[in-house]
Amino acid sequence: MDLIKTWKSWSQPWQKSSTRARTLFIAAGLSVGAVIPVYAGATLQNPTSKPELISQNQKPLELTLVSYAVTKEAYSKIIPLFVKKWKQERKQDVTFRESYGGSGSQTRAVIDGLEADVVALALGQDVNQIQKAGLIGPNWEKEAPNNGIVTKSVVALVTRKGNPKQVRDWNDLVKPGVSVITANPKTSGGARWNFLGLWGAVTQNGGDDAKALDYVSKVYKNTPVLPKDAREASDTFYKRNQGDVLLNYENEEILAKQKGEADNAVVIPQVNISIDAPVAVVDKVVDKRGTRQVAEAFVKFLFTPEAQREFTKVGFRSVNSTVANETQKQFPKVGKLYTVSNFGGWDAVQKKFFADGTVFDKIQGGRR
Numbered sequence: 024m025d026l027i028k029t030w031k032s033w034s035q036p037w038q039k040s041s042t043r044a045r046t047l048f049i050a051a052g053l054s055v056g057a058v059i060p061v062y063a064g065a066t067l068q069n070p071t072s073k074p075e076l077i078s079q080n081q082k083p084l085e086l087t088l089v090s091y092a093v094t095k096e097a098y099s100k101i102i103p104l105f106v107k108k109w110k111q112e113r114k115q116d117v118t119f120r121e122s123y124g125g126s127g128s129q130t131r132a133v134i135d136g137l138e139a140d141v142v143a144l145a146l147g148q149d150v151n152q153i154q155k156a157g158l159i160g161p162n163w164e165k166e167a168p169n170n171g172i173v174t175k176s177v178v179a180l181v182t183r184k185g186n187p188k189q190v191r192d193w194n195d196l197v198k199p200g201v202s203v204i205t206a207n208p209k210t211s212g213g214a215r216w217n218f219l220g221l222w223g224a225v226t227q228n229g230g231d232d233a234k235a236l237d238y239v240s241k242v243y244k245n246t247p248v249l250p251k252d253a254r255e256a257s258d259t260f261y262k263r264n265q266g267d268v269l270l271n272y273e274n275e276e277i278l279a280k281q282k283g284e285a286d287n288a289v290v291i292p293q294v295n296i297s298i299d300a301p302v303a304v305v306d307k308v309v310d311k312r313g314t315r316q317v318a319e320a321f322v323k324f325l326f327t328p329e330a331q332r333e334f335t336k337v338g339f340r341s342v343n344s345t346v347a348n349e350t351q352k353q354f355p356k357v358g359k360l361y362t363v364s365n366f367g368g369w370d371a372v373q374k375k376f377f378a379d380g381t382v383f384d385k386i387q388g389g390r391r
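Basically the working numbering = 1-based index in the sequence shown + 23.
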């Protein structure tokens, strides 16, 4: 089915019901979750406003949020909070269409025609790709608080129950007989964070690139398979019972435990990378649809304590200092935390590590 044609069909007006909203139709072939519209609640009056100054003809607005899969639980709580706030302050209904899936797949969908007003993705490189496609203006990081980074996490080493291989830190991943599961960083954004976690475990702890290359090469020799994405890697570890250690986002493991889907031992290395997830307004879309004001307001709302608390409830580390202090006991302290900027940013990372013929391809050659 043609993606653009299908997406245009989504933009037709919604037929509302007093009991429920119609489920959106997802284009065949996209790895996305259900798309659910969220409608504003009852009208909230503002006693400080003069009724005669409030427009009675405010048309409802609609925003499309495209995000990666594990944020769905958080946004299910955050979106109604924003809808209520906007209704109270602007006397206007806002509805949301939501699409969730792998960050790379979502990025390609937006570039191919999925008209997102706001994108919340797993890594800055994905937003950069949308920018290079001409949909987002330059310097998008400066258009939102905290340089556009809305949540944080770290790399977790997930072991079998009881940690039988005694994995305590990065160095234990190269022990003989320790089998490591991680996705392929050529195809998985999450696996790129894992790779940088491995590399930085050396270079951010006094070692040079030569030592990092030797260490990371040994880790991948202990990696029997390289699944295409983080979800498949988790299935390999949990459902197929392969591997002794799974490299995964800390927040994914927290959420899995909350859902009763996993109860494995989790080790948070003390030298770790901050997995920074960005959010951005899609300039070309909001200007076309006339939704810039509400889209920018929604993005800013995501950084408020109210919204940040919802992110922490599903395992993300907060970027708001107040909420970070409130929730610090929920998350193991990391002794040394570095970011992608320590590697020169995503463009430099791509050029050095993941472009054809560069570091990862050489490591792959050594595995064969």
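From the three backbone atoms N, C-alpha and C, an ideal C-beta is built for every residue, glycine too.
Treat the numbers as computed from the prediction; the structure is a model and nothing was measured.
Buried or exposed: where does Asp299 fall if 16 or more other Cβ atoms within 10 Å of its Cβ makes it buried?
Within the sequence shown, the letter at position 276 stands for residue 299. By the neighbour-count rule (16 or more Cβ atoms within 10 Å), Asp299 is buried.
Would you check if there are 3 or more beta carbon pairs closer than 8 Å linking the stretch 240 to 247 to the stretch 285 to 293?
Contact between the stretch 240 to 247 and the stretch 285 to 293 is absent, because fewer than three Cβ pairs lie under 8 Å.
Per DSSP, what kind of secondary structure is Thr259 in: helix, strand or coil?
Locating residue 259 in the sequence shown gives position 236, where the first residue counts as 1. Thr259: helix per DSSP, three-state reduction.
Kindly indicate the opening and closing residues of the beta strand (DSSP E) around Arg347.
The residue you call residue 347 lines up with position 324 of the sequence shown. The sequence as given places Ala at residue 347; Arg does not occur at that position. Unbroken run through Ala347 is the alpha helix (DSSP H), Ser344 to Glu349; no beta strand (DSSP E).
Look up Phe119 in the DSSP assignment and say whether it is helix, strand or coil.
As a working note, residue 119 is residue 96 in the sequence shown. Three-state DSSP puts Phe119 in a strand.
What whole-angstrom Cβ distance do Gly220 and Val363 have, given they're in contact under 8 Å?
If you number the sequence shown from 1, residue 220 lands on position 197. If you number the sequence shown from 1, residue 363 lands on position 340. 11 Å between Cβ atoms; not a contact.
So, at 6 Å on beta carbons, what are the nonlocal neighbours of Arg215 in its own chain, with the 5 sequence-adjacent residues on each side left out?
In the sequence shown, counting from the first residue as 1, residue 215 sits at position 192. The answer, listed in chain order, is Pro208.
Excluding the 5 residues flanking Phe334 on each side, which residues of the same chain have their C-beta closer than 6 Å to its C-beta?
On the sequence shown, position 311 is the one that residue 334 refers to. Same-chain partners within the cutoff: Ala97 and Thr174.
Where Asp384 and Lys375 are concerned, what is the direct C-alpha to C-alpha distance, given to the nearest angstrom?
Here residue 384 is taken as the residue at index 361 of the sequence shown, counted from 1. Here residue 375 is taken as the residue at index 352 of the sequence shown, counted from 1. About 11 Å.
Do you know whose CA, among Lys356, Leu360 and Phe326, lies nearest Thr345's CA?
The residue given as residue 345 occupies position 322 in the sequence shown. Checking every option, the nearest Cα to that of Thr345 belongs to Phe326.
So the candidates are Leu236, Gly212 and Ser211; which of them puts its Cα closest to the Cα of Gly223?
As a position in the sequence shown, residue 223 is number 200, starting the count at 1. For the residues Leu236, Gly212 and Ser211, the minimum Cα distance to Gly223 belongs to Leu236.
Residue range of the alpha helix (DSSP H) that Ser176 falls in?
Working through the sequence shown from its first residue, we reach residue 176 at position 153. Taken as a continuous stretch (DSSP letters only), Ser176 belongs to no alpha helix (DSSP H), being part of the beta strand (DSSP E) at Ile172 to Ser176.
Residues in the same chain with beta-carbon distance under 8 Å from Ile134, minus the five sequence neighbours each way, listed in chain order, please.
Within the sequence shown, the letter at position 111 stands for residue 134. Within the same chain, Ile134 has close Cβ partners Gln152, Ile153, Ala156 and Leu158.
By the three-class DSSP mapping on this structure, what secondary structure does Gln373 have?
Here the question's residue 373 lines up with position 350 in the sequence shown. Helix at Gln373.
Measuring only the C-alpha atoms, how far is Asn348 from Asp379?
Position 325 of the sequence shown, counted from the start, is the residue given in the question as residue 348. Position 356 of the sequence shown, counted from the start, is the residue given in the question as residue 379. Going by the C-alpha atoms only, they are around 42 Å apart.
Give the C-beta separation of Val268 and Val177 to the nearest angstrom, bearing in mind that I take them to be a contact with Cβ-Cβ under 8 Å.
Against the sequence shown, residue 268 aligns to sequence position 245. Against the sequence shown, residue 177 aligns to sequence position 154. Actually they are not in contact, since the Cβ atoms of Val268 and Val177 sit about 15 Å apart, beyond 8 Å.
Please say whether Val117 and Ala303 have beta carbons closer to each other than 9 Å?
Start at 1 with the first residue of the sequence shown, and residue 303 comes out as number 280. Start at 1 with the first residue of the sequence shown, and residue 117 comes out as number 94. No.
Starting from Ser90 and walking both ways along the beta strand (DSSP E), at which residues does that stretch end?
Residue mapping note: residue 90 aligns to position 67 of the sequence shown, counting from 1. Leu84 to Tyr91 is the extent of the beta strand (DSSP E) around Ser90.
For Ala179, write down the residues that DSSP places opposite it in a beta bridge.
Position 156 of the sequence shown holds residue 179. Bridge partners of Ala179: Asn271.
Cβ of Val169 within 9 Å of Cβ of Gly213?
Translated into the one-based positions of the sequence shown, residue 169 becomes position 146. Translated into the one-based positions of the sequence shown, residue 213 becomes position 190. Strictly speaking, residue 169 in this sequence is Asn, with Val absent from that position. Not closer than 9 Å, so no.
From Phe105, Glu112, Leu88 and Asp149, pick the residue whose C-alpha is nearest to that of Ser122; which is it?
Within the sequence shown, residue 122 is the residue found at index 99, counting from 1. Measuring from the Cα of Ser122, the nearest candidate turns out to be Leu88.
Return the first residue and the last residue of the alpha helix (DSSP H) that Asn295 is part of.
The residue labelled residue 295 in the question sits at position 272 within the sequence shown. Asn295 -> not in any alpha helix (DSSP H); beta strand (DSSP E) instead, spanning Val294 to Ile296.
Give me, in chain order, the residues of the same chain whose beta-carbon lies closer than 8 Å to that of Gly185; leave out the 5 immediate sequence neighbours on both sides.
Position 162 of the sequence shown, counting from 1, holds the residue named residue 185. Closer than 8 Å at Cβ, skipping near neighbours: Ala288.
Which first and last residues belong to the beta strand (DSSP E) in which Lys359 is found?
Reading the sequence shown from its first residue, position 336 is the one you call residue 359. Counting along the chain, the beta strand (DSSP E) containing Lys359 begins and ends at Lys359 to Tyr361.
State the DSSP-derived secondary structure class of Arg191, mapped to helix, strand or coil.
As a first step, residue 191 must be located in the sequence shown, where it is residue number 168. Residue state, collapsed to three classes: coil.
Around the C-beta of Asn69, are 16 or more other C-beta atoms found within 10 angstroms, so that it is buried, or is it exposed?
Position 46 of the sequence shown, counting from 1, holds the residue named residue 69. Low confidence applies here, because Asn69 scores a pLDDT of 38, under 50, leaving its location unreliable; read the following figure in that light. Classification of Asn69: exposed, given that the 10 Å Cβ count is below 16.
How about Lys108 and Phe324: do their beta carbons lie closer than 9 Å?
Within the sequence shown, residue 108 is the residue found at index 85, counting from 1. Within the sequence shown, residue 324 is the residue found at index 301, counting from 1. Yes.
Write down every uninterrupted run of the beta strand (DSSP E) in the stretch 105 to 155 whose length is 3 residues or greater and which is fully enclosed by it, in chain order.
Segments of the beta strand (DSSP E) lying fully in the stretch 105 to 155: 117 to 124 and 141 to 143.
Quick check: the Cα distance between Ser257 and Glu138, rounded to an integer number of angstroms?
Mapped onto the sequence shown, residue 257 falls at position 234. Mapped onto the sequence shown, residue 138 falls at position 115. In a straight line, the C-alpha of Ser257 is about 30 Å away from that of Glu138.
Can you tell me whether Gln281 is buried or exposed? The criterion is at least 16 other CB atoms within 10 Å of its CB, across all chains shown.
Within the sequence shown, the letter at position 258 stands for residue 281. With fewer than 16 other Cβ atoms within 10 Å, it is exposed.
Taking the alpha-carbon of Asn194 as reference, which of Phe366, Val294 and Glu164 has the nearest alpha-carbon?
Residue numbering aside, residue 194 sits at position 171 when the sequence shown is read from its first letter. Checking every option, the nearest Cα to that of Asn194 belongs to Val294.
Taking the C-alpha atoms as reference points, what is the distance between Thr246 and Trp163?
Indexing the sequence shown from 1 puts residue 246 at position 223. Indexing the sequence shown from 1 puts residue 163 at position 140. Cα-Cα distance, rounded: 37 Å.
Using three-state DSSP, classify Ile102 as helix, strand or coil.
Along the sequence shown, read from residue 1 onward, the residue named residue 102 stands at position 79. Helix, per DSSP.
Can you check which of these residues, Leu144, Val248 and Gln81, is closest to Gln115 by C-alpha distance?
Numbered from its first residue, the sequence shown carries residue 115 at position 92. The residue with the shortest Cα to Cα distance from Gln115 is Gln81.
From what residue to what residue does the alpha helix (DSSP H) around Gly368 run?
Position 345 of the sequence shown, counted from the first residue, corresponds to residue 368. Segment: none, Gly368 is in no alpha helix (DSSP H) and carries neither H nor E.
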